[in-house]
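K.L.:
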Amino acid sequence: MTPLFDTHCHLDFDDFAADRVAVLERAEAAGIARIMVPGTQAQTETKIDSNSVRVQRSFGLHPYFIEAHQHAHLEWLEAQLDQHPTAPVGEIGLDATCPDYPRQCELFEAQLVLAARYHRCVILHHRKSQPDLLTRIKQVRDQLPDCGGVLHAFSGSYEQAKQWQELGFKLGVGGTITYARAQKTRTAIGSIALHALVLETDAPDMPVAGQQGQRNEPAQVVSVLQSLLELREEDEATIRRQLWQSSCQLFGNAND
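Going by the numbering used here, the sequence shown wraps up at 260, each residue one higher than the last.
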C-alpha cells in the first residue's frame, strides 16, 4: 500500500517535547513515511530523531509571530536557504486576525523575493487573506519552481481552489474536511482535480472531528484520508498513489 506523507506538522513545537519518539512511532504504525516540519521563527532547530519516518524541514517567518520577527531574521532565512539547497520557504503568509497587517505584507513580500531568488517552493499560511496572497504570488509565479508551493490548511470555495490549481499550487487538506459543517470546503476538495491535493495534519493544532480540544498528531492524517475517501470518486489505491506523487513533487528532495 502506498505510504502517506504529512506535508505540514509542527513536530518541533514544545507540545511534543515529552513524547516525540512515541508520536513518531505511532505515525510509522499508521503508514506515514514522511513528515514536513515547517519553520515559523528564526531559532535553533529542535533535533528530531527518527529511524523510520523521514522528517524534512522548511524555513520561514510565520505571520503569527510578527511581533517577534526582526529585519535581521531575513538574513538568517537567507543563510538557511544557502545551507539547505532544497529546503522550501515556509511557513509564510498573511493572517488578517494577527497584528500589524501592513508589516506582515512587507515581510511576506521579502520572503517571496528570497523564494524566487533561490527558486524554492513556498508553504503558505492564510486567514482571511487569500485575495492578497494570490495577488502577490502572481507577481513572482514565473520565478518559482514549476510546483509553486502549497496553500496550507485550505478552506474555501471551489472557485478559490481552482485559482490556486491554475497557478500550479497544491492545496493542503487537513482536519477541516472531517467536519460535516465545513460543506463549502468539503465540496471544493471533493470536486477539484486530485493531483492538486496533499494531506496534512497541522499538528499539534487542527484536531479532527471528535477530538476537539485534544492535541493533534501526525498519525491523524489517516483520519483526514478517510474523510477524503468519502468525498472523492476515485478508489483508495488511486488516491494514495496520487497524494504521494503530488507530495513528493513538492518536497521530494527537500533537505537531501
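For each residue, glycine too, the CB sits at the ideal point set by N, CA and C.
Note that the structure is predicted; figures quoted are calculated from it, not measured.
In chain order, what residues of the same chain lie with their CB nearer than 6 Å to the CB of G172, ignoring the 5 residues before and after it?
P.N.:
G152
K.L.:
Just list the alpha helix (DSSP H) runs in the stretch 171 to 216, keeping only unbroken ones of 4 residues or longer that don't cross its boundaries, in chain order.
P.N.:
187 to 195
K.L.:
If I follow the unbroken alpha helix (DSSP H) through D267, where does it start and stop?
P.N.:
The chain is shown only over 5 to 260; residue 267 falls outside these bounds and no answer can be derived.
K.L.:
Determine whether the beta carbon atoms of D18 and P222 lie at a separation below 8 Å.
P.N.:
no
K.L.:
Below 7 Å, is the gap between the Cβ of N220 and the nearest heavy atom of the ligand MN?
P.N.:
Inclusion of the ligand MN in the displayed structure is not the case, the ligand content being empty and no account of it being possible.
K.L.:
Given a cut-off of 8 Å, decide if V41 and D16 are closer than it, judged by their beta-carbon atoms.
P.N.:
Yes, the Cβ-Cβ distance between D16 and V41 is below 8 Å.
K.L.:
Starting from F112 and walking both ways along the alpha helix (DSSP H), at which residues does that stretch end?
P.N.:
Y105 to Y122
K.L.:
Tell me whether the beta-carbon of A200 lies closer than 8 Å to the beta-carbon of Q169.
P.N.:
yes
K.L.:
Note down, one range per segment and in chain order, each beta strand (DSSP E) of at least 3 residues found wholly within the stretch 28 to 77.
P.N.:
36 to 41 and 58 to 61
K.L.:
Return the CA-CA distance between L65 and A46, expressed in angstroms with no decimal places.
P.N.:
7 Å
K.L.:
In three-state terms, what does DSSP make of L254?
P.N.:
helix
K.L.:
Using three-state DSSP, classify F158 as helix, strand or coil.
P.N.:
coil
K.L.:
Assuming the contact rule is C-beta atoms closer than 8 Å, I96 and L128 should be a hit. Round their C-beta distance to whole Å, please.
P.N.:
7 Å
K.L.:
Say whether the stretch 125 to 144 touches the stretch 84 to 103, bearing in mind that this needs 3 or more beta-carbon pairs closer than 8 Å, one atom from each stretch.
P.N.:
yes
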